[in-house]
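Right, one structure below, let's go through it.
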Amino acid sequence: MSAQSASSRDVNDPVHRILIAAACAAPSIHNTQPWLFRTDAQADTIEVFSHPLRRLPRTDPQGRALHLSIGAALFNPRVAAVHLGREPVVRLLPDPASPTCWPSSVSPVGPGPR
Numbered sequence: 435m436s437a438q439s440a441s442s443r444d445v446n447d448p449v450h451r452i453l454i455a456a457a458c459a460a461p462s463i464h465n466t467q468p469w470l471f472r473t474d475a476q477a478d479t480i481e482v483f484s485h486p487l488r489r490l491p492r493t494d495p496q497g498r499a500l501h502l503s504i505g506a507a508l509f510n511p512r513v514a515a516v517h518l519g520r521e522p523v524v525r526l527l528p529d530p531a532s533p534t535c536w537p538s539s540v541s542p543v544g545p546g547p548r
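Heads up, the sequence shown is in the working numbering, so the first residue is 435 and it goes up one at a time.
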């Protein structure tokens, strides 16, 4: 997990650390890792955002590959949460004012480790 990818006061939550590490391992266009994460241990959520400076306007002018990369970064923590015995809940949080930012959140709810 890189310091550039995850920034939060709640990153010490062990489940969140595992889920963010899984998200960071997701494939991305030209390995740009175009995502940012924000965690909230109190709400038990991890939010995934696109990183505007890592967009590749010439290679990916419509942002399709960026969108797929963010989707992969959202999928991996879901798989990791299931592996930990959780039942993840995903919410898409689109912002019409910022069409290039695809915020989403993952909540690793459930009973915890089996």
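From the three backbone atoms N, C-alpha and C, an ideal C-beta is built for every residue, glycine too.
**Request:** Would you give the residue range spanned by the beta strand (DSSP E) that I463 belongs to?
**Result:** One-based indexing of the sequence shown puts residue 463 at position 29. From DSSP, I463 is part of no beta strand (DSSP E); its letter is neither H nor E.
**Asked** Per DSSP, L470 is paired with what?
**Response** Working through the sequence shown from its first residue, we reach residue 470 at position 36. Paired residues: F483.
**Message:** Check for me: the beta strand (DSSP E) holding R550 runs from which residue to which?
**Reply:** Within the shown structure, residues of the chain are numbered from 435 to 548, placing residue 550 beyond reach of any answer.
**Request:** Specify the secondary structure class of L518 as computed by DSSP and reduced to three states.
**Result:** As a working note, residue 518 is residue 84 in the sequence shown. Coil, per DSSP.
**Asked** Excluding the five sequence neighbours on either side, which residues of its own chain have a C-beta within less than 7 Å of the C-beta of A507, listed in chain order?
**Response** Working through the sequence shown from its first residue, we reach residue 507 at position 73. Taken in chain order, the residues that qualify are A457, A460, W469 and V482.
**Request:** Flag this pair as yes or no: are the beta carbons of A477 and H450 separated by less than 9 Å?
**Result:** Taking the first residue of the sequence shown as position 1, residue 477 is located at position 43. Taking the first residue of the sequence shown as position 1, residue 450 is located at position 16. Taking a C-beta distance under 9 Å as the contact criterion, A477 and H450 do not qualify as a contact pair.
**S541 to V523 span [Cα, whole Å]** = For the purposes of this step, residue 541 is identified with residue 107 of the sequence shown, where counting begins at 1. For the purposes of this step, residue 523 is identified with residue 89 of the sequence shown, where counting begins at 1. Rounded to the nearest angstrom, the two C-alpha atoms are 5 Å apart.
**Request:** Verify whether the separation of the beta carbon atoms of T473 and I452 is less than 9 Å.
**Result:** Here the question's residue 473 lines up with position 39 in the sequence shown. Here the question's residue 452 lines up with position 18 in the sequence shown. No, they are not a contact pair.
**Message:** Since R488 and T466 should fall inside the 8 Å C-beta cutoff, what is the C-beta to C-beta distance between them, to a whole number of angstroms?
**Reply:** Taking the first residue of the sequence shown as position 1, residue 488 is located at position 54. Taking the first residue of the sequence shown as position 1, residue 466 is located at position 32. Right, the Cβ-Cβ distance comes to about 5 Å (below 8 Å), so this counts as a contact.
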